[in-house]
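Numbering (our numbering), first residue to last: 8 to 292.
Quick look at the structure:
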């Protein structure tokens with residue numbers, strides 16, 4: 008048996024077959040039972056709030072540890088000696104409050120991943136940028152990395168649909184690509200509804216360059232989960248949508264999240280489509 012925490016064990020096969028988020032949720036749930044006073048923070052608290060779940064930040068359950076306390080070390084638990092501030096109760100769990108959770112992530116994590124949590128706070132909890140700034144000014148002054156957290160706040164946008172869209176947008180900003188408009192609506196001919204795109208940049212002549220985060224993988228996933236005929240129909244509809252948008256004078260780019268991992272190459276690709284540029288974001292991590 009794997010010893011995951013004090014009085015918490017798991018069958019190795021069961022544990023190794025769990026997904027990343029499931030591991031964090033199940034271990035955090037067990038810790039909350041055996042140690043009711045535990046305060047969860049960082050990416051663990053964000054996962055429990057439904058704010059975000061960047062897999063890169065979900066390697067361990069994050070728990071606050073008072074500065075004067077010592078604990079045994081565990082492979083899948085990370086102790087944070089952060090000031091707790093206000094805490095919230097959510098079912099079994101005691102958590103740093105949502106704003107503090109996101110501030111802590113923004114000040115300690117790479118911009119690429121931090122942006123998704125900032126966007127998630129706006130999307131799921133209707134927190135405005137100025138509200139988050141005011142919270143951080145009042146409650147987090149002097150904390151290590153707080154200046155870089157304020158830099159992340161500048162790009163906060165609750166229109167981002169999910170963490171993947173936020174991460175891709177962060178890659179654009181890191182590459183010096185102008186920050187796009189999100190969830191762009193293009194009216195169909197004859198006012199017959201509209202086409203929706205994940206990202207958009209309006210060109211000088213009034214047309215749009217539209218970005219879609221998925222590529223063909225989106226339709227491959229549907230083919231696995233739905234009837235093959237339905238997936239094929241969805242794919243054909245997307246091709247027709249792109250053809251109609253191009254006939255209207257707009258351009259459409261499709262890319263996968265993996266295309267954004269090499270920021271320099273991704274930026275070169277986007278610039279090749281004539282997308283406006285700006286000074287690259289200088290991430291300190």
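For each residue, glycine too, the CB sits at the ideal point set by N, CA and C. Computed from a prediction, not measured in an experiment: that's the story for all the values here.
Could you work out which residue in the options is closest to residue i when comparing CA atoms only?
i           : options            : result
residue 115 : 287, 159, 250      : 159
residue 351 : 173, 248, 212      : Past the boundaries of the shown model lies residue 351; the chain is included only from 8 to 292, so the question cannot be answered.
residue 82  : 67, 199, 16, 20    : 67
residue 51  : 136, 44, 61        : 61
residue 199 : 251, 124, 137, 148 : 251
residue 69  : 103, 25, 271, 266  : 103
residue 207 : 220, 137, 153, 131 : 220
residue 107 : 286, 89, 269       : 89
residue 190 : 80, 205, 93        : 205
residue 56  : 39, 98, 24         : 98
residue 134 : 171, 109, 33, 95   : 109
residue 72  : 58, 41, 45, 59     : 45
residue 122 : 213, 165, 278      : 165
residue 152 : 145, 111, 146, 142 : 111
residue 138 : 163, 196, 26, 150  : 163
residue 12  : 38, 23, 25, 22     : 38
residue 169 : 17, 131, 148       : 131
residue 172 : 276, 275, 266, 278 : 266
residue 36  : 17, 23, 24         : 17
residue 147 : 197, 92, 277       : 92
residue 43  : 96, 149, 21        : 96
residue 274 : 246, 196, 203, 176 : 176
residue 167 : 149, 203, 142      : 203
Identify, in the order they occur along the chain, each residue of the same chain with its Cβ nearer than 7 Å to the Cβ of residue i, setting aside the five sequence neighbours on each side.
i           : result
residue 288 : 118, 180, 181
residue 228 : Its pLDDT being 44, under 50, residue 228 is placed unreliably by the model, and the measurement read from it follows with that caveat. Excluding positions up to five away in sequence, the list is empty.
residue 214 : 256, 257
residue 254 : none
residue 105 : 56, 58, 128, 132
residue 144 : none
residue 290 : 117, 118, 181
residue 296 : Because the chain here runs from 8 to 292, residue 296 falls outside it and cannot be looked at.
Can you check whether the CB of residue j is closer than 8 Å to the CB of residue i?
i           : j           : result
residue 283 : residue 185 : yes
residue 260 : residue 280 : yes
residue 174 : residue 120 : yes
residue 113 : residue 156 : yes
residue 31  : residue 124 : no
residue 101 : residue 47  : yes
residue 7   : residue 19  : The question about residue 7 has no answer, for the chain in this structure spans 8 to 292.
residue 49  : residue 87  : yes
residue 263 : residue 183 : no
residue 65  : residue 28  : yes
residue 218 : residue 187 : yes
Apart from the five residues on each side of it in sequence, which residues of its chain come closer than 6 Å, Cβ to Cβ, to residue i?
i           : result
residue 194 : 201
residue 231 : For residue 231, the predicted model reports a pLDDT of 49, less than 50, meaning its position is unreliable and no value from the coordinates is stated.
residue 209 : 215
residue 26  : none
residue 22  : 9
Only counting the same chain, and skipping five residues up and downstream in sequence, which positions put a Cβ closer than 8 Å to that of residue i?
i           : result
residue 14  : 41
residue 140 : 157, 160
Quick one: is residue i near chain C, going by C-beta distance under 8 Å?
i           : result
residue 206 : Here there is only one protein chain, and chain C is not present.
Next on the checklist: What ranges does the alpha helix (DSSP H) occupy inside the stretch 59-117, keeping only unbroken runs of at least 4 residues that lie completely in it?
Outcome noted: Taken in chain order, the unbroken stretches of alpha helix (DSSP H) that lie wholly in the stretch 59-117 and span 4 residues or more are 105-115.
Item to check | Ranges of the beta strand (DSSP E) found wholly within the stretch 171-233, counting only runs of at least 3 | outcome: Whole beta strand (DSSP E) segments, 3+ residues: 188-194, 201-209, 215-220.
Next on the checklist: Quick check on the DSSP output: what are the complete beta strand (DSSP E) runs of length 3 or more inside the stretch 245-275, in order along the chain?
Outcome noted: Residue ranges of uninterrupted beta strand (DSSP E) with 3 or more members, entirely inside the stretch 245-275 and ordered along the chain, are 258-262.
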